[in-house]
Every structure is written in C-alpha cells, then in structure tokens.
Amino acid sequence: MKVLVTGVTGQLGSALLKQLKNTDYEVKVTSRRKPENVNFEWVYCDFLTGEGLEEAVNDVDVVIHAATSPRKDSDIIDVSGFNKFLDTAQHIKHFIYPSIVGIEDIPMKYYRNKYQAEELLKNSSVPHTIVRATQFHSFVENLFLSKPLFKRYLVPGDIKIQSVDVNEFAAHLIQMINVGPQGKTEDCTGPEILTLREMAELKIKVNNESNKVVSLWFPGKLYRALLDGKNTNDLRKVGKVTFEEFLIAKQN
C-alpha cells in the first residue's frame, strides 16, 4: 500500500514522517520545500498554484492531507486548491483529512475554510475519513505563552483549551490507514481541559520562572466561543500526554 503525505514540512507532517519510518508502508511525500534528510520519495507540489497536484497523487492508494495554511492564502490552499486536489484524487482508496474540533462554532476565517473543505470532501466520491483534533500543545505555547511582557504572561486567561500532543495525533492518523474510510469519525483530543491561565501557571512552575499571569478580557463572538469551550470536547479525553508533561519533555 502506497501512502502520500502532503504538507510534510509542517508540524503535523513532520510528526507523520517520523512515525511512518517505522512502518512497512511505501511512502511518498510532497511539499513546496523539500524536507531535510527525507528518506522517502518526494515530489514538489504547490496548492497555491496547482503545480504538481497530479504528480503528487499519481500511483498512491491513501492520502493523509496535512497541507494547510492557517495564516495566509487559506482561501486557496484550504478550499479552492484542495478542491482541485480532490478532482485529481478520484482513484484514491482512502483520503484521511485532519481537521479541528469546533470549527463550525468558532468565527475564524481559517476555521470556516477548514469546515468548507470538510464539506467538499463529504460531498465528493472519494472514500474518506475526517479526524478532528484539538489544538496542539506546542501551538498553544507558541501562540500565547512564548514571550512574557515585563515578566508577565498577558493572556485571555479564562478561555478553555484541551491541547493534544502532535505525535499522538499523528499516530492516530496512521492507525486510520488500515481501518478504512469512516466518514467523519470521533475527535482526537487532549487528556484534560484547562484554562489558559492554568496553562501559563504550569509553564511558570515547570520552568521555575518568576513571571506572573495577567488575564485579559476581549469582546466579540470569537472570545465568547472560546470561553464556552467550543474548541474542546469534554466527552472525549483520549490523549495521554498532558500539557505539563509536554513542557517537562521540552527541558530534556
């Protein structure tokens, strides 16, 4: 069985590559920039221009689609470029699409685009599995807790986060290869729901920092959705690696 992984220079794509090295799958990878020390067949592919899409999907059985663009060009890469990719993937036996918990309830452009991509896949004839995950531990730390200001973490401290380890999500996606197409399946979530203030306090404790936490309040529907935990799933706590364990591992 030949597996294509897109977006292999991203965080999820890199985690997938590391774990696929220990499997018997024939692996093909694609991205705009060739990853360093890649041991698999690599082809150039650009979802922004459409260049290389057909070559990337040619002769493969399964796709794990880790390519995405949360910061720019999401309309093209996550929607119109993705739709073109689906047109070239009619022969695929199993298309595995990583998505994000709560995207239909959180008013962000990137989330709307991911939800639209889900709908495109659902309405296509391509056999597929959609697996939603909560935010990665590293994403939360980098976005909110990377740079204290005047020895203070200034954060929307009351919002809820259920972060998951990226390597656990990668392993879950790889397990889906042999399970076969499931449609939209159960969420892959972190083991606990914390407020952002609690996460900042954990970082201070683990790193033995002298920083303090200052909680901020924001108006608007986005802040309210995160306060309400729309980005979490309290009925699903399947991950094993906690945010505190992630922080401890970074020190080693």
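Under the UniProt record's numbering, the letters of the sequence shown match residues 1 to 252, in that order. Don't be surprised by glycine CBs; every beta carbon is placed ideally from N, CA and C.
(message) Short of 8 Å in beta carbon distance, which residues of its chain neighbour Met1, apart from the five on each side in sequence? Order them along the chain.
(response) So the list reads Tyr25, Glu26, Asp61, Val62, Ile177, once near-sequence residues are dropped.
(message) Just to confirm my understanding: we take Asn83, look at its own chain, exclude 5 residues before and 5 after, and list those with CB closer than 7 Å. What are they?
(response) Within the same chain, Asn83 has close Cβ partners Leu120.
(message) If I measure Cβ to Cβ from Val213 and keep anything under 8 Å in the same chain, skipping five residues before and after, which residues do I get?
(response) Excluding residues within five positions, the ones whose Cβ falls inside 8 Å are Arg152, Tyr153, Val155, Gly157, Arg197, Ala200, Glu201, Ile204.
(message) Using only CA atoms, which one of Leu4, Glu104, Asn167, Tyr97 lies nearest to Ile130?
(response) Per the Cα distances, Tyr97.
(request) Give me the Cα-Cα distance between Leu86 and Leu53, rounded to the nearest whole angstrom. (result) Each residue's Cα considered, the two are about 9 Å apart.
(request) Kindly list the residues whose CB is nearer than 6 Å to the CB of His65, restricted to its own chain and excluding five residues on each side of it in sequence; keep chain order. (result) Only Thr6, Tyr97 meet the Cβ criterion.
(message) Please report the straight-line C-alpha distance between Tyr44 and Pro35, rounded to a whole angstrom.
(response) Between Tyr44 and Pro35, the C-alpha separation is close to 11 Å.
(message) Quick check on DSSP: helix, strand or coil for His65?
(response) If DSSP states are grouped into helix, strand and coil, His65 belongs with the strands.
(request) Assign Gln19 to one of two classes, buried (16 or more other C-beta atoms within 10 Å of its C-beta) or exposed (fewer than that). (result) Around the beta carbon of Gln19, a 10 Å sphere encloses fewer than 16 other beta carbons of the protein chains shown; the residue is thus reported as exposed.
(request) Apply the 10 Å Cβ neighbour rule to Thr68 and answer buried if 16 or more other Cβ atoms are within range, or exposed otherwise. (result) With a 10 Å radius around the Cβ and a threshold of 16 neighbouring Cβ atoms, Thr68 comes out buried.
(message) Here's the rule I'm using: 16 or more other beta-carbon atoms within 10 Å means buried, otherwise exposed. How should Arg132 be labelled?
(response) By the neighbour-count rule (16 or more Cβ atoms within 10 Å), Arg132 is buried.
(request) Would you mind sorting Pro219 into buried or exposed? The rule is 16 or more other CB atoms within 10 Å of its CB. (result) So Pro219 counts as exposed.
(message) I want to know whether the segment 232-239 touches the segment 184-194 - three or more CB-CB distances under 8 Å.
(response) As far as the Cβ criterion goes, the segment 232-239 touches the segment 184-194, which means the pair count is three or higher.
(message) I need the boundaries of the alpha helix (DSSP H) containing Ala171, first residue and last residue.
(response) Counting along the chain, the alpha helix (DSSP H) containing Ala171 begins and ends at 166-179.
(request) Within 10 angstroms of the Cβ of Pro148, are there 16 or more other Cβ atoms? Answer buried if so, exposed if not. (result) A buried status is given to Pro148, since no fewer than 16 other beta-carbon atoms sit within 10 Å of its beta-carbon.
(request) Can you give me the start and stop residues for the beta strand (DSSP E) that His137 sits inside? (result) Counting along the chain, His137 falls outside any beta strand (DSSP E), though it belongs to the alpha helix (DSSP H) covering 137-144.
(message) Do Asn113 and Val79 count as a contact pair if the criterion is CB distance below 8 Å?
(response) Against a cut-off of 8 Å, the Cβ pair of Asn113 and Val79 comes out as a contact.
(request) Taking residue 309 as the reference, give the member of Val179, Ser210, Leu16, Leu145 with the closest Cα. (result) What the structure shows of the chain is the stretch from 1 to 252, and residue 309 is not part of that stretch, so it cannot be assessed.
(request) Whole angstroms is fine: what's the gap from Lys21's alpha carbon to Leu216's? (result) Rounded to the nearest angstrom, the two C-alpha atoms are 44 Å apart.
(request) Under the assumption that Val8 contacts Thr30 (Cβ atoms under 8 Å), give the Cβ distance between them as a whole number of angstroms. (result) Yes, Val8 and Thr30 are in contact; Cβ-Cβ is about 7 Å, under 8 Å.
(message) So, with DSSP's three-state summary, where would you put Glu54?
(response) Taken through DSSP and simplified to helix, strand or coil, Glu54 comes out as helix.
(message) On the CB-based measure, 16 or more other CB atoms within 10 Å of its CB, does Glu51 come out buried or exposed?
(response) So Glu51 counts as exposed.
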